[in-house]
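Numbering (the numbering used here), first residue to last: 1 to 359.
Scroll down for the structure; my scribbles are underneath it.
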């Protein structure tokens, strides 16, 4: 089992699939799932949906398994190597264990399982750049109401919640003028942005709430009063009401400062995700705990994260999804690696998820 899975994983990571460039890899997976006997199709956004009939049981509800096909940068020309039971990248790239280890483990578990309920498998695009694939997933192709996302790094935790998220796209329009000859005739858009940003509470505001300004652009020349500036900001909290209150405060504070400078402004505030909290006694969490116990994780901890996975969207769409581990370490870095033993343990965990789902 392990040699085949490891060879498969190392083959997959060699296929370039940075976000937005996943088509070749998804086509590769389409054939993989077809060879497993699955009914396979792509939706209009290019996500891959596969369906397998039950094995060794009858009359059970389907479960959804999901991973994402894309990787972060630098993810072109990956050359994996296996040294003393650890798989790493040879060069200045990521390894792409996030999330190709999850895909390899899932496929190996399907190949070797003796029992599972009907399986629906969604492989999404562009997860790493804002969950774009799952947000555009054709949910009419999915009938399962519960399942597991294979996209947590550690094997000893289960992700059960994510934050509410508010974004701000801010455009400011001032008036250009010569900065030395007649600055009083100008309206400085960068000054307005600076005043607005200075009024924001940024960083970690409490244990589950953060805010940030991540991008700012403005001006063209040193000696000109800039007539335009734009910036991107965000806030998030595991408590929706707290995130909404903070977002409204940020909007109001920026608006006051922009008006004081006299710029024209447009603040586009959006709430793409609402906080998710799966109860600890829910079926997916309890099943995940039992499955992890079979690989020596006796007390898997349900945890919340202030980042995002595709489960944020699935749960908001009414599909109960717990996020379980794949064993990757230091993902999103050139030091990313994974232990062969952890991949084997993940397959055993998935086998038990199958067995418990088929009971």
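The beta carbon of each residue, even a glycine, is placed where N, CA and C say it ideally should be.
Do residue i and residue j have their C-beta atoms within less than 8 Å of each other?
i           : j           : result
residue 129 : residue 19  : yes
residue 15  : residue 82  : no
residue 40  : residue 96  : no
residue 354 : residue 116 : yes
residue 160 : residue 303 : yes
residue 313 : residue 134 : yes
residue 175 : residue 254 : no
residue 47  : residue 125 : yes
residue 123 : residue 69  : yes
residue 155 : residue 292 : yes
residue 119 : residue 30  : no
residue 141 : residue 63  : no
residue 271 : residue 168 : no
residue 229 : residue 250 : no
residue 104 : residue 9   : yes
residue 233 : residue 170 : yes
Below 6 Å CB to CB, which residues in the same chain sit around residue i once its five sequence neighbours on both sides are set aside?
i           : result
residue 114 : 56
residue 197 : 213
residue 294 : 352
residue 185 : 177
residue 338 : 87, 97, 101, 327 and 328
residue 315 : 276 and 321
residue 17  : 25, 69, 70 and 71
residue 192 : 172, 258, 261 and 263
Look up residue i in the DSSP assignment and give the residues it is bridged to.
i           : result
residue 123 : 48 and 67
residue 88  : 81 and 337
residue 173 : 228 and 264
residue 178 : 224
residue 325 : 152
residue 206 : 209
residue 277 : 161
residue 271 : Answer is none; residue 271 lacks a bridge partner.
Sort the options by Cα distance to residue i and report the nearest one.
i           : options               : result
residue 381 : 70, 93 and 68         : A query on residue 381 cannot be resolved here, the shown segment of the chain reaching from 1 to 359 and no further.
residue 4   : 106, 64 and 74        : 106
residue 240 : 306, 73 and 223       : 306
residue 323 : 167, 288, 341 and 299 : 288
residue 325 : 21, 32 and 343        : 343
residue 145 : 358, 350 and 319      : 319
residue 332 : 230, 98, 223 and 103  : 98
residue 163 : 278, 67, 298 and 34   : 278
residue 150 : 172, 244 and 121      : 121
residue 248 : 359, 153, 259 and 268 : 268
residue 335 : 35, 74 and 21         : 74
residue 172 : 179, 195, 346 and 181 : 195
residue 284 : 209, 54, 356 and 111  : 356
residue 181 : 202, 225, 131 and 341 : 225
residue 207 : 238, 266 and 89       : 238
residue 260 : 246, 187, 298 and 219 : 187
residue 280 : 274, 301 and 341      : 301
residue 350 : 340, 290 and 311      : 290
In terms of residues, what are the limits of the alpha helix (DSSP H) holding residue i?
i           : result
residue 292 : 283-293
residue 315 : 311-316
residue 160 : Note, residue 160: premise wrong, no alpha helix (DSSP H); beta strand (DSSP E) at 157-162.
residue 24  : 23-35
residue 198 : 189-198
residue 111 : 97-112
residue 133 : 132-135
Where do the ends of the beta strand (DSSP E) carrying residue i lie?
i           : result
residue 149 : 146-152
residue 216 : 209-218
residue 40  : 39-42
residue 13  : Where residue 13 is concerned, there is no enclosing beta strand (DSSP E), although the alpha helix (DSSP H) it sits in stretches over 2-13.
Please go through the same chain and pick out, in chain order, the residues whose beta-carbon is closer than 8 Å to the beta-carbon of residue i, but skip the five residues on each side of it.
i           : result
residue 348 : 294 and 295
residue 143 : 62 and 120
Which residues in the same chain have their Cβ closer than 7 Å to the Cβ of residue i, if we skip the five residues on either side of it in sequence?
i          : result
residue 43 : 49, 137, 138 and 141
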